[in-house]
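Chains as they are written, first to last, in the numbering used here: chain A, 1 to 267; chain B, 1 to 90. See below for the structure under consideration.
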């Protein structure tokens, strides 16, 4: 290409990764995956039965893999991004920070999170940020098996009175909190992201799609999450703006335990 | 819970081989658990999962063949004949 001539027209840089808010969006997704992966990993050796133990921890590793791929879009020092930031620099949704050491809670959170992820990855699969689109398409294939696991167990349990009595109150508790997954990270305008083609569906429409999926899954029980009440009453959790929940400190301490003992550790 | 048997096939010409068993409440969850129990480290690019109750199981007494030495021809007889200089087996 001959670039010695005078510049007669200034073209936009055209790099979708430079779109206002694109990096914050990816960082928020990566932080979600990191926290979910870490929390699911807690189930190793304590799952309710062997197959479920392996399933939860395998899914945990899938989510950590997604986190690594997403951080990798933002820079080379993935450990520094994953473990080395101040708490207020993380942008994860609070639902991902919950320990959920009760298996039923983990199942409901797993269902809410992985349905949300499916919507979210779908809005990125055709991203103009090509490497982000590639991560999303790869992740979507894994989400299918995560969802089969979550919905397979949930559908069976919701066929019993005991399962309904146990699980539906958890939806009351966790579904409103999970809405935050679709909150815009600070500094992130979904209008700009849609205009640049980084996402193909704005956050509001993603939220509506997700609420339909959750509603459909629960319809046969006659129960519907009280989305409108949650909208009207709930103060913003602020996870996407850097406000951390009470659970984050312990979770983060666990994540950095090895690095804090040996900063040169490799794994 | 039902017991399922899992078979995996690597890329290329390798045949399906038995990977192990698992318990699951239904077929969909069996596929789900099979992936996470046996295929999470790329052990196979194809997987069969079959309910153990659907397998045809042979009677072990029909398989007691250890005493049938004549079915274990290792070619030694022909080799010995040829090495002895005769090209025509008796």
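Glycine is no exception: its CB is placed at the ideal position from the N, C-alpha and C atoms.
Residue closest to residue i, alpha-carbon to alpha-carbon, out of the options
{"i": "residue 94(A)", "options": "153(A), 257(A) and 112(A)", "result": "112(A)"}
{"i": "residue 174(A)", "options": "89(A), 58(A) and 104(A)", "result": "104(A)"}
{"i": "residue 203(A)", "options": "160(A), 96(A), 65(A) and 119(A)", "result": "119(A)"}
{"i": "residue 227(A)", "options": "258(A), 180(A) and 255(A)", "result": "180(A)"}
{"i": "residue 18(B)", "options": "24(B), 4(B), 36(B) and 25(B)", "result": "4(B)"}
{"i": "residue 38(A)", "options": "266(A), 255(A) and 259(A)", "result": "255(A)"}
{"i": "residue 130(A)", "options": "200(A), 183(A) and 155(A)", "result": "200(A)"}
{"i": "residue 31(A)", "options": "263(A), 262(A), 251(A) and 261(A)", "result": "251(A)"}
{"i": "residue 215(A)", "options": "192(A), 172(A) and 14(A)", "result": "172(A)"}
{"i": "residue 38(B)", "options": "26(B), 22(B) and 80(B)", "result": "22(B)"}
{"i": "residue 248(A)", "options": "49(A), 67(A), 40(A) and 88(A)", "result": "88(A)"}
{"i": "residue 219(A)", "options": "154(A), 78(A) and 83(A)", "result": "154(A)"}
{"i": "residue 239(A)", "options": "177(A), 48(A) and 207(A)", "result": "177(A)"}
{"i": "residue 246(A)", "options": "48(A), 121(A), 98(A) and 102(A)", "result": "98(A)"}
{"i": "residue 138(A)", "options": "209(A), 66(A), 48(A) and 52(A)", "result": "66(A)"}
{"i": "residue 121(A)", "options": "244(A), 47(A) and 209(A)", "result": "209(A)"}
{"i": "residue 236(A)", "options": "224(A), 186(A) and 225(A)", "result": "186(A)"}
Residue i: contacting residues in chain D (beta-carbon distance under 7 Å)
{"i": "residue 23(B)", "result": "This model lacks chain D altogether, as its protein chains are A and B."}
Whole-number beta carbon distance between residue j and residue i, since they are thought to touch under 8 Å
{"i": "residue 6(B)", "j": "residue 49(B)", "result": "5 Å"}
{"i": "residue 44(A)", "j": "residue 63(A)", "result": "Actually they do not touch by this definition, with Cβ atoms about 14 Å apart."}
{"i": "residue 152(A)", "j": "residue 28(B)", "result": "5 Å"}
{"i": "residue 156(A)", "j": "residue 25(B)", "result": "6 Å"}
{"i": "residue 117(A)", "j": "residue 143(A)", "result": "6 Å"}
Own chain residues within Cβ distance below 6 Å of residue i, not counting five before or after
{"i": "residue 100(A)", "result": "106 and 109"}
{"i": "residue 149(A)", "result": "55"}
{"i": "residue 72(B)", "result": "none"}
{"i": "residue 50(A)", "result": "none"}
{"i": "residue 85(B)", "result": "none"}
{"i": "residue 29(A)", "result": "70"}
Sub-8 Å separation of residue i and residue j beta-carbons
{"i": "residue 222(A)", "j": "residue 91(A)", "result": "no"}
{"i": "residue 32(B)", "j": "residue 58(A)", "result": "no"}
{"i": "residue 125(A)", "j": "residue 147(A)", "result": "no"}
{"i": "residue 96(A)", "j": "residue 213(A)", "result": "no"}
{"i": "residue 56(A)", "j": "residue 33(A)", "result": "no"}
{"i": "residue 47(B)", "j": "residue 30(B)", "result": "no"}
{"i": "residue 167(A)", "j": "residue 158(A)", "result": "yes"}
{"i": "residue 206(A)", "j": "residue 123(A)", "result": "yes"}
{"i": "residue 84(A)", "j": "residue 78(A)", "result": "no"}
{"i": "residue 51(B)", "j": "residue 2(B)", "result": "yes"}
Spatial neighbours of residue i in its chain, beta-carbon cut-off 7 Å, leaving aside the 5 residues before and after
{"i": "residue 74(A)", "result": "23, 26, 27 and 81"}
{"i": "residue 196(A)", "result": "16, 19 and 128"}
{"i": "residue 10(B)", "result": "44 and 45"}
{"i": "residue 265(A)", "result": "258 and 259"}
{"i": "residue 193(A)", "result": "19, 21, 22, 25 and 199"}
{"i": "residue 41(A)", "result": "57 and 60"}
{"i": "residue 83(B)", "result": "none"}
{"i": "residue 184(A)", "result": "190, 203 and 240"}
{"i": "residue 188(A)", "result": "21, 24 and 25"}
{"i": "residue 68(A)", "result": "78"}
Closer than 7 Å: residue i CB and nearest the ligand HEM heavy atom
{"i": "residue 160(A)", "result": "In the structure shown, the ligand HEM is absent, as is every other ligand, since no ligand is present at all."}
Residues of its chain near residue i, where Cβ-Cβ distance is below 8 Å and the 5 sequence neighbours each way are ignored
{"i": "residue 42(B)", "result": "none"}
{"i": "residue 261(A)", "result": "none"}
{"i": "residue 163(A)", "result": "156 and 157"}
May I ask you to list, following chain order, the residues of the stretch 146-167 of chain A that have a beta carbon less than 8 Å from some beta carbon of chain B?
148, 149, 152, 153 and 156
Given a limit of 9 Å on CB to CB distance, which residues of the stretch 35-68 of chain A reach chain B?
49, 50, 51, 52, 54, 55, 56, 57, 58, 59, 61 and 62
At a Cβ cut of 8 Å, what residues of the stretch 23-47 of chain B count as close to chain A, listed as they run along the chain?
23, 24, 25, 26, 28, 29, 31, 32, 33, 35, 36, 37 and 40
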